[in-house]
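Data first, discussion second: the structure below is written as structure tokens.
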Amino acid sequence: MSSWSKASKSGREHKERHQPESRKHLGLLEKKKDYKLRSRAFHVNENRLKKLLKKAKNKNPDEFHFHMINSETRDGVHYEKEKPEEHSEAQMKLMKTQDLNYINYKLSLEKKNYFDSKDLPQSLHPPSTTVFQTSSSSVLSPLTTSASDSLSILNAPTSPTMMGWTKCFERYYRTAQLTQAGKRW
Numbered sequence: 001m002s003s004w005s006k007a008s009k010s011g012r013e014h015k016e017r018h019q020p021e022s023r024k025h026l027g028l029l030e031k032k033k034d035y036k037l038r039s040r041a042f043h044v045n046e047n048r049l050k051k052l053l054k055k056a057k058n059k060n061p062d063e064f065h066f067h068m069i070n071s072e073t074r075d076g077v078h079y080e081k082e083k084p085e086e087h088s089e090a091q092m093k094l095m096k097t098q099d100l101n102y103i104n105y106k107l108s109l110e111k112k113n114y115f116d117s118k119d120l121p122q123s124l125h126p127p128s129t130t131v132f133q134t135s136s137s138s139v140l141s142p143l144t145t146s147a148s149d150s151l152s153i154l155n156a157p158t159s160p161t162m163m164g165w166t167k168c169f170e171r172y173y174r175t176a177q178l179t180q181a182g183k184r185w
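To convert, note that position 86 of the sequence shown is 86 in UniProt numbering; the numbers rise steadily by one, no gaps.
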């Protein structure tokens with residue numbers, strides 16, 4: 001039982017004293033937890049400054065970045081120097097022809113893809129009708145369309161899928177945009 005009473009006494013919280021009345025004019029009395037916080041922050045800042053000083057000492061004086069000339073500081077704030085983009089007439093003509101060539105290239109690709117048969121919806125394909133003769137034998141043989149009763153007709157699905165139509169409309173819209181852009185130049 002005596003060990004239990006000793007353990008319960010050692011677990012109590014030690015209270016720190018308050019600021020005496022005579023020293024009230026000096027402000028709050030700093031407690032240990034406040035001191036630890038302030039000390040830790042001070043040492044973190046001190047280490048940061050040491051690293052920066054070391055970095056500044058080891059800096060190469062011949063080091064150069066174009067950003068040093070292309071920016072300026074006003075009131076301690078960095079600003080980029082703005083340069084107007086100047087192009088000669090020859091450069092502008094060259095850029096316009098390159099743009100037009102690129103537009104025509106993309107337009108030809110889109111037209112080729114638009115008329116590509118595998119991406120068109122099934123209803124836009126020509127009807128593909130395959131005729132087979134059904135007989136008692138398990139072998140199916142193709143016939144001409146003039147056969148009558150003993151024929152089974154297998155058609156491709158005639159209802160277009162939504163994905164096919166979406167692709168078709170997207171390609172059509174892109175080709176229309178590209179032709180419009182080509183006309184502007």
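C-beta atoms are modelled at their ideal positions from N, C-alpha and C, and glycine is treated no differently.
Note that the structure is a prediction, hence the values are computed from the model and not measured.
Cβ neighbour criterion (16 or more within 10 Å) applied to residue i
| i | result |
| --- | --- |
| residue 103 | buried |
| residue 38 | exposed |
| residue 171 | buried |
| residue 5 | exposed |
CB-CB length for residue i against residue j, believed under 8 Å
| i | j | result |
| --- | --- | --- |
| residue 32 | residue 13 | With 8 Å as the limit, residue 32 and residue 13 do not qualify as a contact, their Cβ atoms being about 13 Å apart. |
| residue 79 | residue 175 | About 45 Å; that fails the 8 Å criterion. |
| residue 88 | residue 81 | In fact, because the Cβ distance is near 22 Å, the residues do not count as touching under 8 Å. |
Nearest-angstrom Cα separation, counted from residue j out to residue i
| i | j | result |
| --- | --- | --- |
| residue 74 | residue 48 | 26 Å |
| residue 112 | residue 62 | 56 Å |
| residue 69 | residue 77 | 15 Å |
| residue 98 | residue 169 | 28 Å |
| residue 148 | residue 166 | Note that residue 148 has pLDDT 41, beneath the 50 cutoff, so the model's placement of it is unreliable and no number is given. |
| residue 92 | residue 57 | 48 Å |
| residue 43 | residue 52 | 14 Å |
| residue 90 | residue 100 | 15 Å |
Own chain residues within Cβ distance below 6 Å of residue i, not counting five before or after
| i | result |
| --- | --- |
| residue 35 | none |
Other residues of its chain near residue i: CB distance less than 7 Å, five sequence neighbours each side excluded
| i | result |
| --- | --- |
| residue 19 | 28 and 29 |
| residue 66 | none |
Own chain, CB closer than 8 Å to residue i, minus 5 neighbours either side, in chain order
| i | result |
| --- | --- |
| residue 86 | none |
| residue 25 | none |
With three or more beta-carbon pairs closer than 8 Å as the criterion, would you say the stretch 96 to 113 touches the stretch 168 to 179?
At 8 Å Cβ cutoff, the stretches touch.
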